[in-house]
Every structure is written in structure tokens, then in C-alpha cells.
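> First to last, the sequence lines map onto chains A and B.
For the first sequence, counting from 1, position 129 maps to 129 in my numbering; every step adds exactly one.
For the second sequence, counting from 1, position 70 maps to 70 in my numbering; every step adds exactly one.
Sharing a structure, written as C-alpha cells. Questions coming.
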Amino acid sequence: MEAARLIDRLRDSFPDAVIESDVEAIDPYVKVAPATLTDVAAFLRDDPEMSFDFLMAVTGMDLMGLEEGVDDLRVEYHFYSYKHRHTIVIRVDLPREGPVVPSLAGLYPTADWNEREAWDLLGIRFDGHPDLRRILLPEEWEGHPLRKDWKEGPTALGFETTRGSFLDLIRDSKQL
Amino acid sequence: MDAICEPNVHLVEEDGEMILNMGPHHPSTHGVLRMILSMDSEVIRCLSADLGYLHRGIEKIGESIPWQGFMPYTDRVDYLGAMFVNHGYAMAVERLLGVEVPPRAEYLRVVADELNRIASHIICIGSVTMDLGAYTPFLHGIREREKINDIIEEWCGARLTYNYMRIGGVSFDLTPGLKIKILEFLDGFEVFVQEFNNLISFNEIFIKRCAGVGTITPEDAVGYGLIGPNLRASGVDFDVRRDHPYGVYPELDFDVCVGRGIKGEVGDVYDRFWLRIEEMLQSVRLIRQAIERMPMGPIMGKVPKKIKPEKGASAHSRVEGARGDLFTYVMSNGTVNPHRIHIRTGSFNAFSIVEKLAPGMMIADLVALFASLDIIAPETDR
Chain A
1 MEAARLIDRL RDSFPDAVIE SDVEAIDPYV KVAPATLTDV AAFLRDDPEM SFDFLMAVTG
61 MDLMGLEEGV DDLRVEYHFY SYKHRHTIVI RVDLPREGPV VPSLAGLYPT ADWNEREAWD
121 LLGIRFDGHP DLRRILLPEE WEGHPLRKDW KEGPTALGFE TTRGSFLDLI RDSKQL
Chain B
1 MDAICEPNVH LVEEDGEMIL NMGPHHPSTH GVLRMILSMD SEVIRCLSAD LGYLHRGIEK
61 IGESIPWQGF MPYTDRVDYL GAMFVNHGYA MAVERLLGVE VPPRAEYLRV VADELNRIAS
121 HIICIGSVTM DLGAYTPFLH GIREREKIND IIEEWCGARL TYNYMRIGGV SFDLTPGLKI
181 KILEFLDGFE VFVQEFNNLI SFNEIFIKRC AGVGTITPED AVGYGLIGPN LRASGVDFDV
241 RRDHPYGVYP ELDFDVCVGR GIKGEVGDVY DRFWLRIEEM LQSVRLIRQA IERMPMGPIM
301 GKVPKKIKPE KGASAHSRVE GARGDLFTYV MSNGTVNPHR IHIRTGSFNA FSIVEKLAPG
361 MMIADLVALF ASLDIIAPET DR
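This is how it looks when you write it as C-alpha cells:
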């Protein structure tokens, strides 16, 4: 099915959930309210005309610096259907303070690790996730580095994050 | 559970359960990965994966350098299949900009991609045999892969981190001499595959170790987001090159190989191993056709010197890499630097299913399963 028809069908089924949609964009997308995400995803998976069985990617991002006065976080879900060979993009915008979105791990097992990655790097909480731990960074890491306001501290995990000049190193070693 | 978090502990609990660390420097992990196993003698009770040892923050680096400058970093995402990550990133930005790629460049991309696919699959099938105790086939494979490395080195100057593709085209044209070298390699390669099969693929001991082990059902494969050869081996007939076409693949003739359970069940270790051998032969077909049909013309499209896509615009691309449907997402903030780059790789998803499959397996079978999934550590961690 074409993107425009997919989006229309989704809007007909969930008139209150769809906040915004754009079929003219390079990747046509639908923005839905965070609270309705689980219902929307279950519909996308189970409806015979949709049957989106593959969650291609969960992309978290920080919108800070994009527009004046907007500092939200966003999660973008790319769904694909092996049966009908069509794609849909679902967007969820979340407030910077306390970004919480329902987890899709119960519907799509692959969401488990992908959501953990978004939590790890962007600090987005996935409500109902079975095991929301850091995945790429160590447990004792502070902050979420893909946020635009994240700054590298002078030390990380006990190591200095800056290095003196190479010449200084040679000089020091000669003194020893 | 506290004990599990401690590295290098071998604990024997009261009921005979042993906690065993596999990795981060285990020979069969092919890179730096760690699996924490809870064992009941030789049988795995549960497995907990620990990754991130090779996390280099490539997506974060991408946000602070210009669009073109990110290309060499994409090589480092997957050192065995750098060409695909190059291709995926270039395609995503081309979609964002609406740039047309000249036909000759598209054909060159096919040749480069398929050569890289052969090189990557050789390592995978070689390491499956090596992990199961047969070292010779791996060395035979490495010998063939070396020829590909030599060809690509002559072509673009690098042996592993190719940095070959550009936004809007490719960096170097194929010289006539190189064309002959590639064709000669392909002739020899088909002989090699025959030799390799006689050496190990039809070996009774090897088949017994692989057939019926680590079976993944099609439902699990789709649900856990397995892609590429791992997905097809489970019987799902999907290939991005055919079903979500890009470049000049629709004009080329090739078959999509699907797991048939030739020695055991559909989706077992042997199917994944055998599918890669079949795919390499399809790649040979594709390269021959691409070289034959390649038109003359420019190799770079019209791309502005300073790439500044529209503010807030985003695009994604899908490329059939050696480890499957590689997903690249790019977003622009209207400046010369990207706002967000996200690369979802095959190994990341493939690793997540190991946690589910491992309970009840023997530890030696886990090694076979892990090798057959073709998990590359830098690709999971980025």
C-alpha cells in the first residue's frame, strides 16, 4: 500500500492518536501521541492490511538546536511489512524532562535491545520494558552522550579524557 | 546475580550451577564480546550478553563533522563489509539531497559491493569451520580473500577500510587491467568453491556438528529482526536487492537463496553456512553481468561542494549488506554537519537472539551457533 493510504487508514482507526502527518516528506511519517503508541503498534502489526511484522529501527534523537525554543526528544520507529512490502514511519515527540514512552518489547522482541540503546545514549525511558539497562556504555557511565547538551567531563571511568602533548610525554619519560 | 557482574569469576553454586565467562577475549567471539553463561555441567541454563567493548561513539562523531567527512568513519562500523556501510550512508544522503547517481557509478557500486560480499562471506564460512575445529578450510578461504583485498587495494588504495563510495558516486573508476584481474579471480573462485565444498561442506563430521543445531524459526527470525542471510536461512524469502530495489539491481539477473534445510531443519547452522556459499556464487554472477553491461560515462553526480540539506529533513536507506539489510538514518539541521546519524546493523539484532536460543544448548553448539550468525563485534557496538 502507498504511504498516503497507510496513513489515512491509520488516522481512520485512531483519529485521536494522530497529531501530525506528512506524505510529501522524503520518508512520509505520522506523529502520534506517546500514550497511544502501544495501541497503534499493535494495530500496525495485527491488522491484515497493514501486517507490519518487522520493526526495522528505533531511532532516538535530540531535537535541540533544530528550531528556536524546541528542545524535545524524539523516537522514530521504522516499520516494514514482509508480506505487503511497505514501510511506515511513526514519530513520537517527548518532553526533555522525563521523556517516557511505552515499550514495544512485548510486541516486537527486537525492540528490547534497540530500546535499551536509545535509553543508553539518549536517556529515553521505555515504560514496561523488561530490563532497561545500559547496553553499549558501562553501567557506571554518567549522562547520555547523544544528547546535544552532553559535555565530556575531565575524567571518565577514572581515566583522563584529555591527553597532554606528545612532546611532554617524551620529556617526562627522559626525566625518569 | 551480583556474582554475574564480576568479571572472571567461576562460581559453583550449591546445586552444581557454574557461572562461566565466555569472552571478552574468547577465540570464538570474533572480536570483543562477552557472554556470561550459567551452566549445568555442559548444558547452558541461561545466557546474558554483555556488549559495548568496541563502542566508539561513531554516531556522536558524525554530529561534529561535515557530511562528506563521515564517510571514512562508516568503514569502521564493519571492518569486513565496509563497502556496504559506505553505500548505505551515501544512499541515505543522496536521498536527502535528491542527487542522481550516474549509471556507471551504480554499476561500479555493484561490483564493489559484491566483491566485498564474497570477501565477508568467506570469513564467515571459514570461521564456522574453524570454530568447529577445522583450521585448513579457513586458511584456504583467507587465501581467496587476499586476492579480493589486492584487487580492491589496486582499485581504491585500501584493503579493508575502503572509503570508496562518495555522496553522489564513487571515487575511482575501474581500469581495463583491473577488470581483467577481477574476471580472472572469478574464474578461479568457482574452482575454489568446489574445492572448499569437497574439503569441508560435505564432510560427515562437520554436517553432524551443524545440522539441526541452533534452529531459528521464521517467526523468531522476523520478530527478533534477523536480516540478510540469517533471515533467509530461516526460510523467509526476502532480499533488499530484489524486494526493495536500489541502484541497478533490478536490471541484473540473480537468484535469492533461501534456506531449505538440506541436511537438517530449515534455519539451522548448516543452512546458514550453506546459504552463504550459494550467495557467493550469485555474487559472482552479478559481478560478471555488471562488468559486462557497465556503460561509459562519469562516475560522480552533481553534488554541491558544501552539502546543506533542508533543515529538519530526514531520510533512511536500506542496503543488502553481507550481514543483511543495513539501515542508515540521517537527519539534517540545515548546516554542513548532520544532526543525527543512526546505523542499525545486522549483528546487533543477531546477537539479541542468542540470549533466547542458548538455554538448553551445549556449550560447543553455542560456538557453532554464534559463528553461523556472523556476528562482528564492531558492528554491534559501533
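Quick reminder that beta carbons are idealized off the backbone N, C-alpha and C, glycines included.
Please read these numbers as outputs of a predicted model, since none were measured by experiment.
1) Can you tell me whether B/Thr74 is buried or exposed, with buried defined as 16 or more other CB within 10 angstroms of its CB?
2) Using a Cβ-Cβ distance cut-off of 7 Å, determine whether B/Asn333 contacts chain A.
3) Got a sec: which bits of the stretch 54-86 of chain A sit with their beta carbon under 7 Å from any beta carbon on chain B, in order along the chain?
4) Can you check whether the CB of B/Ser283 is closer than 7 Å to the CB of B/Ile118?
5) Quick test of your reading: B/Val266 and B/Gly259, contact by CB under 8 Å. State the CB separation rounded to the nearest angstrom.
6) Going by DSSP, what residue range makes up the alpha helix (DSSP H) through B/Ala377?
7) List, in chain order, every chain A residue whose beta-carbon is nearer than 9 Å to that of B/Ala313.
8) Measuring alpha carbon to alpha carbon, tell me which residue in A/Ile88, A/Asn114, A/Arg116 and A/Asp168 is nearest A/Arg11.
9) Can you check whether the C-beta of B/Phe84 is within less than 7 Å of a C-beta belonging to chain A?
10) Tell whether a beta-carbon distance below 7 Å holds between B/Ala211 and B/Lys179.
11) Scan the stretch 50-69 of chain B for residues whose Cβ lies nearer than 7 Å to a Cβ of chain A and list them as they occur along the chain.
12) With DSSP as the reference, please indicate the residues paired to B/Ala49 in a beta bridge.
13) How about B/His316: is its C-beta nearer than 7 Å to some C-beta of chain A?
14) How is A/Ile7 classed by DSSP in three states: helix, strand or coil?
15) Measuring only between beta-carbons, confirm whether B/Ser352 sits less than 7 Å from chain A.
16) Near B/Pro295, which residues of its chain fall below 6 Å by C-beta distance, leaving aside the five closest residues on each side in sequence?
17) What residues from the stretch 143-159 of chain A come within 7 Å of chain B, judged by C-beta to C-beta, listed N to C?
18) I want to verify the contact list: residues of chain B whose CB lies under 8 Å from the CB of A/Ile19, in sequence order.
19) Would you mind telling me which residues of chain B sit closer than 7 Å to A/Ile135, beta carbon to beta carbon, in chain order?
20) Can you give me the C-alpha to C-alpha distance between B/Arg45 and B/Asn21, rounded to a whole angstrom?
21) May I have the straight-line CA-CA distance separating A/Leu104 from B/Gly23, to the nearest angstrom?
22) Taking only the alpha-carbon atoms, compute the straight-line gap between A/Leu157 and A/Ala118 and give it to the nearest angstrom.
23) Comparing C-alpha positions only, which one of A/Asp47, A/Ala35 and A/Asp22 sits nearest to A/Ser13?
24) With a threshold of 7 Å between beta-carbons, can B/Gly225 be considered close to chain A, or not?
25) Could you check what DSSP says for B/Met1 in three-state terms: helix, strand or coil?
26) What number of angstroms, rounded off, separates the C-alpha of A/Leu136 from the C-alpha of B/Gly223?
27) I'd like the span of the beta strand (DSSP E) that includes A/Lys31, first residue to last.
28) With distances taken Cα to Cα, identify the nearest neighbour of B/His339 among B/Val32, B/Gly346, B/Tyr329 and B/Thr345.
29) Would DSSP call A/Leu157 helix, strand or coil?
30) Express the C-alpha separation of B/Ala358 and B/Ser41 in angstroms, rounding to a whole number.
31) Please go through the stretch 109-158 of chain A and give each complete alpha helix (DSSP H) segment of 4 or more residues, from N-terminal end onward.
32) Does the distance from the C-beta atom of B/Met71 to that of B/Asn116 stay below 7 Å?
33) Only counting runs of 4 or more residues, tell me where the alpha helix (DSSP H) segments fall wholly within the stretch 26-106 of chain A, in order along the chain.
34) Starting from the beta carbon of A/Asp112, find every residue of chain B whose beta carbon is closer than 8 Å, and list them in chain order.
35) For my contact list, B/Ala290 and B/Arg95 are in at a C-beta cut-off of 8 Å; report their separation, rounded to the angstrom.
36) List the residues of chain B that A/Pro99 touches, going by C-beta distances under 9 Å, in chain order.
In terms of the structure at hand:
1) Classification for B/Thr74: buried.
2) Residue-level contact by beta carbon holds for B/Asn333 and chain A, with a gap shorter than 7 Å.
3) Within the stretch 54-86 of chain A, the residues whose Cβ lies closer than 7 Å to some Cβ of chain B are Phe54, Leu55, Met56, Ala57, Thr59, Met61, Gly65, Leu66, His78, Tyr82 and Arg85, listed in chain order.
4) Cβ atoms of B/Ile118 and B/Ser283: closer than 7 Å.
5) That pair is a contact at about 5 Å.
6) Residues Ala377 to Asp381.
7) The contacting residues are Ala25 and Ile26.
8) Looking at the Cα atoms, A/Ile88 is the closest of the given residues.
9) It does not: the Cβ of B/Phe84 has no partner Cβ on chain A nearer than 7 Å.
10) Not a contact, by the Cβ cut-off of 7 Å.
11) The residues in question are Leu51, Gly52, His55, Gly57, Glu59 and Lys60.
12) In the DSSP secondary-structure assignment, B/Ala49 is bridged to B/Met35.
13) B/His316 belongs to the set of residues whose beta carbon lies under 7 Å from a beta carbon in chain A.
14) Assignment of A/Ile7 by DSSP, reduced to helix, strand and coil, places it in the helix class.
15) Cβ-Cβ to chain A under 7 Å: yes for B/Ser352.
16) Closer than 6 Å at the Cβ level, and outside the excluded window around B/Pro295, lie Pro103 and Arg104.
17) Residues passing the 7 Å Cβ filter: Pro145 and Leu146.
18) For the C-beta of A/Ile19, not a single chain B residue is nearer than 8 Å; the gap to the nearest is close to 16 Å.
19) Those within 7 Å of A/Ile135 in chain B are Leu51 and Gly52.
20) Approximately 13 Å between the Cα atoms of the pair.
21) Cα atoms of A/Leu104 and B/Gly23: separation of roughly 30 Å, rounded to the nearest angstrom.
22) A/Ala118 has its alpha-carbon roughly 21 Å from the corresponding atom of A/Leu157.
23) A/Ser13 has its Cα closest to that of A/Asp47, out of A/Asp47, A/Ala35 and A/Asp22.
24) Chain A contact via Cβ: present.
25) Residue placement at B/Met1 cannot be trusted, given a pLDDT of 40 that sits under 50; what the coordinates show is reported in the next sentence. DSSP places B/Met1 in coil when its eight states are reduced to three.
26) About 22 Å.
27) Start and end: Tyr29 to Val32.
28) The option with the nearest alpha carbon to B/His339 is B/Tyr329.
29) Of the three classes helix, strand and coil, the one that applies to A/Leu157 here is coil, per DSSP.
30) Distance between the alpha carbons of B/Ser41 and B/Ala358: 14 Å.
31) Taking 4 residues as the minimum length, the alpha helix (DSSP H) runs contained wholly in the stretch 109-158 of chain A are 111-122, in order along the chain.
32) Remark: C-beta atoms of B/Met71 and B/Asn116 do not approach each other more closely than 7 Å.
33) Counting whole runs of 4 or more residues, the stretch 26-106 of chain A contains the alpha helix (DSSP H) stretches 37-46.
34) Under the 8 Å cutoff, chain B gives Ser352.
35) No, B/Ala290 and B/Arg95 are not in contact; Cβ-Cβ is about 22 Å, not under 8 Å.
36) A/Pro99 does not reach chain B, its nearest Cβ partner there being about 16 Å away, counting only Cβ pairs nearer than 9 Å.
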